[in-house]
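Notes follow the structure.
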Ligand SMILES: Cc1cc2nc3c(=O)[nH]c(=O)nc-3n(C[C@H](O)[C@H](O)[C@H](O)COP(=O)(O)OP(=O)(O)OC[C@H]3O[C@@H](n4cnc5c(N)ncnc54)[C@H](O)[C@@H]3O)c2cc1C
Ligand SMILES: Nc1ncnc2c1ncn2[C@@H]1O[C@H](COP(=O)(O)O)[C@@H](O)[C@H]1O
C-alpha cells in the first residue's frame, strides 16, 4: 500500500508569533521554521507502517517556498522514501492545498493519505476533510490510534467526549492527533542518506488547479493583552480575593 | 441572507453550543434556520424550535445520523445549501469533522473557529495559537463557518419556529461507527462551566488529581488539564485545554502545576479571571494570572480546599 503524507513548513512551535507593525500579518523573517508538529506524527506513522510491512512506499509532499524542501528532507531523514515539492511563494489556503493534493493523489494513487489535524500557524484544521471530500474518501479525524485489517482501517479518534472508534473502507484519509505516536529524531546517517533520496520539483500550475485566495486578510492584530495580576501570600488570601475582590466564586 | 446553523446535540437534548452559534450566525444576517440531524431527535427539535431568533427548524432523523459521522452529515447538508448563503456550526469535534467536507463540495474556503463576526462576510479568528487575531473577508458565494462558542453569548429561549422534516441522507458511506468510550462525569462540561480547574505535569500522577477533585466539587467546577498531563496518562484526552484541545473561557480558571506554554494559554487566556498555583515563581502562567500563588501544590491544594470549606463552600 502506498502512503502519502502532506507536510507543512510552519513557524516553530517554540517561537512566539509577532504581529507585523503594519498589521499585514505575522513576521516570519529570520525566525525558526519547522515541520508542523502534527505532520511529524503523520510521517512517524507512515514510517512505522513501512517498517511493519503494511506500507510499500511512502511519499512526503510539501507545498510551499523553496525552503519547504528542507521540510521534505526532514521527512526523508525520518524514513520516508521520496518527496514531491510543489513550489509556491504564496501562502495557499486549505482549499487550494486540498485541490493540489487531490491532483497528486490522482497521479500517485495512494491508498492512504495521512495529514495533520491542523497546521499550528493558521489553525484551520480543514485540509484533511477537504481532500477527503474531493476524493470522496472516508476520513478518520484526530487519530489516537489506527490499525489496518484487510481492506479496512480502524481508527480511534479523539472526540470532545472521549474516544470514538470508526471503521473506514480503504482508500482513506486519516488526520493525526498528538497521542498517535512519538515522532523519532532522524539519526545522522539517515540525514546523510536522505540527501540522496529523490524529490520531484513541481509547481501549482503543473496540476492546473485554481489556487486563487478566497479570503482577503483585512488586518492581523495583537490579541488583547491581559494586565499583570498580583501574587497572593497563601491559600486563605486566594480564597478571599476570588470571593470578595473578583466575585467569581 | 439565509443562514443554516447546525445544532449540537446528543439525540436527547440540545446543547448550549447551539445557542451560542445562533448568536454568531445572527450577526451575519437575520434569516437563521437550525438543522437538527440525528436519530430519534424529536425532543431536540422541539427544544430547537424555542431558541430565540430561529426562523425554522429542519430535522433529518435517520439511523446513519446517530453519531453524525462526516460522510452522512455532508450528504444531508450539501443538498440543502441551494437554499442558503451560509452554513455555520460550533467548532466542536463533531462539526470540525465534516464542515471542511461541506466547504470543499461547495468550493468554498472554510473560515474556522471565528471569535468575531463583523457582518455577512467578515470574520475575526485567532491564528498562531491566539498570538495574532486575523480579520478576514470572504469572497466566496457561500460562507462555511465554524464558531468558537466561548466567544459568543447564548441566544435565549422564547422562539416558536416551525419544524419541518427533510429527506434521508443518500449513501452508501465508506465509514461506519464501531464504538465509543466516553469519559463519564457528573461535572459541568468543560467548555460551558463557570469555573474550571486544570492540572498539569506538576500534579505528578492521575491519583493526585484527587486533590483537585475536592475543590472542583466545592466550586461546581469542570476539570481540565494540560497536554503534558494528558500525554502522561494522568487524565483522559478530552480534558486537554489549549490550541489543539478545547478552548474555555470561564469566569474563573485555576491552573495548578501548569507552566503556561503558549499552546496552553491559547485555550484559556480569554477566561475572565485566572488564578495559578505553581512552585516556580518565574513560570509563564503568572504573566497571565490575576492571582498567583507561588507554592507547592501538594501543600497549597489541601489548604485551598480547607479555606473554601471555612468560607462556606
Ligand atoms: C503541536 C502542539 C500542540 C500542543 N497543544 C497543546 C494544548 O492544546 N494544550 C496544552 O496544554 N499544551 C499543548 N502543547 C504542549 C505545550 O507546548 C506544553 O508542553 C504543555 O502545555 C506543558 O504542560 P505543563 O505545563 O503541564 O507541563 P510543564 O511545562 O512541564 O510544567 C509543569 C509545571 O508544574 C510546576 N510544578 C511541578 N511540580 C510542582 C509542585 N509540586 N507544585 C507546584 N507546581 C509544580 C512546574 O514549576 C512547572 O511550571 C502542544 C504542543 C505542541 C507541539
Ligand atoms: N502547504 C502545505 N503543504 C503540504 N501539506 C499541507 C500544507 N498545508 C496544510 N497541509 C496539510 O494539511 C494539514 C492541516 O492543515 P490546515 O488545514 O491548514 O490546518 C497539515 O497538518 C498538513 O498535513
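Protein chains in written order, with my numbering: chain A, 1 to 249; chain B, 1001 to 1313.
Glycine included, every Cβ here is placed at the ideal spot set by N, Cα and C.
With distances taken Cα to Cα, identify the nearest neighbour of residue i among the options.
i	options	result
residue 1307 of chain B	B/1065, B/1215, B/1050, B/1125	B/1215
residue 250 of chain A	A/117, A/152, A/149, A/208	Residue 250 of chain A falls outside the range modelled here, since chain A spans only 1 to 249, and no answer is possible.
residue 167 of chain A	A/152, A/204, A/22	A/152
residue 1011 of chain B	B/1167, B/1185, B/1067	B/1067
residue 215 of chain A	B/1055, B/1111, B/1047, B/1039	B/1111
residue 162 of chain A	A/6, A/144, A/148, A/169	A/144
residue 1153 of chain B	B/1291, B/1001, B/1027	B/1027
residue 15 of chain A	B/1063, B/1034, B/1131	B/1131
residue 124 of chain A	B/1140, B/1121, B/1099	B/1099
residue 1187 of chain B	B/1202, B/1170, B/1212	B/1212
residue 92 of chain A	A/65, A/33, A/54, A/22	A/65
residue 270 of chain A	A/76, A/227, A/219	The structure shown does not extend to residue 270 of chain A, since chain A is modelled only from 1 through 249, so no value can be given for it.
residue 1071 of chain B	B/1141, B/1270, B/1168	B/1168
residue 1287 of chain B	A/88, A/228, A/149, A/1	A/228
residue 1282 of chain B	B/1139, B/1294, B/1022	B/1294
residue 1280 of chain B	B/1289, B/1271, B/1296	B/1296
residue 111 of chain A	A/222, A/3, A/21, A/223	A/3
residue 33 of chain A	A/189, A/9, A/195	A/9
residue 1042 of chain B	B/1061, B/1024, B/1069	B/1061
residue 88 of chain A	A/73, A/63, A/79	A/63
residue 1039 of chain B	B/1133, B/1073, B/1029	B/1073
What does residue i reach in chain A if we use C-beta pairs closer than 8 Å?
i	result
residue 1304 of chain B	235, 238, 239
residue 1101 of chain B	129, 130, 132, 133, 139
residue 1227 of chain B	178
residue 1252 of chain B	242, 246, 248, 249
residue 1079 of chain B	Simply none; closest approach about 14 Å.
Identify, in the order they occur along the chain, each residue of the same chain with its Cβ nearer than 7 Å to the Cβ of residue i, setting aside the five sequence neighbours on each side.
i	result
residue 1285 of chain B	1255, 1258, 1259, 1260, 1276, 1278
residue 1123 of chain B	1111, 1114, 1116, 1117, 1136, 1145
residue 1045 of chain B	1036, 1057, 1059, 1163
residue 142 of chain A	117, 157, 158, 175, 177
residue 221 of chain A	19, 23
residue 219 of chain A	23
Under 8 Å between the Cβ atoms of residue i and residue j?
i	j	result
residue 1101 of chain B	residue 133 of chain A	yes
residue 128 of chain A	residue 120 of chain A	no
residue 1150 of chain B	residue 1093 of chain B	no
residue 113 of chain A	residue 100 of chain A	no
residue 7 of chain A	residue 58 of chain A	no
residue 1005 of chain B	residue 1088 of chain B	yes
residue 232 of chain A	residue 1273 of chain B	no
residue 1201 of chain B	residue 178 of chain A	no
residue 1078 of chain B	residue 1034 of chain B	no
residue 56 of chain A	residue 5 of chain A	no
residue 1303 of chain B	residue 39 of chain A	no
residue 1237 of chain B	residue 1248 of chain B	no
residue 199 of chain A	residue 69 of chain A	yes
residue 169 of chain A	residue 1050 of chain B	no
residue 130 of chain A	residue 1104 of chain B	yes
residue 1048 of chain B	residue 1080 of chain B	no
Chain A partners of residue i, CB-CB under 7 Å?
i	result
residue 1307 of chain B	235, 236, 239
residue 1177 of chain B	166
residue 1275 of chain B	238, 242
residue 1074 of chain B	133
residue 1311 of chain B	239, 243
In chain order, what residues of the same chain lie with their CB nearer than 6 Å to the CB of residue i, ignoring the 5 residues before and after it?
i	result
residue 1165 of chain B	1059
residue 1162 of chain B	1056
residue 1156 of chain B	1052
residue 137 of chain A	171, 172, 173
residue 1031 of chain B	1002, 1055
Residue i versus chain B: which residues are under 7 Å apart at the beta carbon?
i	result
residue 229 of chain A	1289, 1290, 1291, 1292
residue 50 of chain A	Neighbours of residue 50 of chain A on chain B: none; closest Cβ ~24 Å, over 7 Å.
residue 16 of chain A	1131, 1262
residue 147 of chain A	Those within 7 Å of residue 147 of chain A in chain B number zero; the least Cβ separation is about 11 Å.
Give me the chain B residues within the contact set of residue i, using Cβ-Cβ distance strictly less than 8 Å, ordered along the chain.
i	result
residue 260 of chain A	The first residue shown for chain A is 1 and the last is 249, placing residue 260 of chain A beyond what the model contains.
residue 43 of chain A	Near residue 43 of chain A there are no residues of chain B at all, since even the closest Cβ is about 18 Å away, more than 8 Å.
residue 94 of chain A	1100, 1109, 1110
List the residues of chain A that residue i touches, going by C-beta distances under 9 Å, in chain order.
i	result
residue 1097 of chain B	129, 139, 141, 142, 157, 159
Output, in chain order, the set of chain B residues within a Cβ distance shorter than 9 Å of residue i.
i	result
residue 222 of chain A	1131, 1132, 1133
residue 123 of chain A	1112, 1113, 1125, 1126, 1127, 1128, 1129, 1130, 1243, 1244, 1266
residue 120 of chain A	1128, 1129, 1243, 1244, 1263
Within the chosen definition, does the segment 8-27 of chain A reach the segment 40-52 of chain A through at least 3 CB pairs nearer than 8 Å?
no
Pairs of beta-carbons, one from the segment 1221-1232 of chain B and one from the segment 1192-1206 of chain B, closer than 8 Å: are there three or more?
yes
Does the segment 1176-1192 of chain B come into contact with the segment 1201-1208 of chain B, if we say contact requires no fewer than three beta-carbon pairs (one atom in each stretch) closer than 8 Å?
no
Is the segment 1264-1275 of chain B touching the segment 1239-1246 of chain B, taking contact as three or more C-beta pairs under 8 Å?
yes
I'd like to know if the segment 229-241 of chain A and the segment 1297-1313 of chain B are in contact, where contact means that at least 3 CB-CB pairs between them fall below 8 Å.
yes
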